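In the numbering used here, the protein residues as written are 8 to 163. Beta carbons are placed, not taken as given, at the ideal position from N, Cα and C, and that holds for glycine. Nothing here was measured: the structure is a model prediction, and the numbers come from that model.
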């Protein structure tokens, strides 16, 4: 399966309520999310399924992707901040019959997940906001190969 990891776009630094859970995308983040969606659509990389964290900034990012041609997102609690790689891989096993799945979530969870899948023990991976990472995975096996990693600023 091809797995796209899409980190949420840029959000308000503090949230109106002061809660990290309800931080909303700022105008820059809205533009970033549209760029990601446009890139996926114009590159013929639309996934079969989009799963998103229940955290507002991730949900908003995923909803913008849907407006650009991706499937409507399904909210999954295991994608919340603090996602564990083992749990994520186990959960993704339910979708292994699909060709491509996108997940929208957070740092440092995505960096840890990529390192876990590709066996990166001697390097550190950082996933920038609104970046797209593509991996080939075979859940539930802990093995993956990197197809590409593109920060938003390098998207066409």
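- Separation of the CB atoms of residue 59 and residue 32 is rounded to 13 Å, and the pair is thereby denied contact status at 8 Å.
- Counting only runs of 3 or more residues that sit fully inside the stretch 105-145, the beta strand (DSSP E) segments are 107-112, 139-144, in chain order.
- In this structure, the alpha-carbon of residue 41 lies about 15 Å from that of residue 109.
- Contact annotation: residue 151 and residue 125 have beta-carbon atoms nearer than 8 Å.
- DSSP lists 81, 110 as the bridge partner or partners of residue 58.
- The criterion of a C-beta distance shorter than 8 Å is satisfied by residue 87 and residue 62.
- Pairing residue 145 with residue 28, the inter-Cα distance amounts to about 31 Å.
- Residue 68 carries a helical assignment under DSSP once its states are collapsed to helix, strand and coil.
- Nearest in C-alpha terms to residue 46, of all of 138, 142, 127, is 138.
- A direct Cα-to-Cα measurement between residue 99 and residue 147 gives close to 7 Å.
- A direct Cα-to-Cα measurement between residue 140 and residue 64 gives close to 18 Å.
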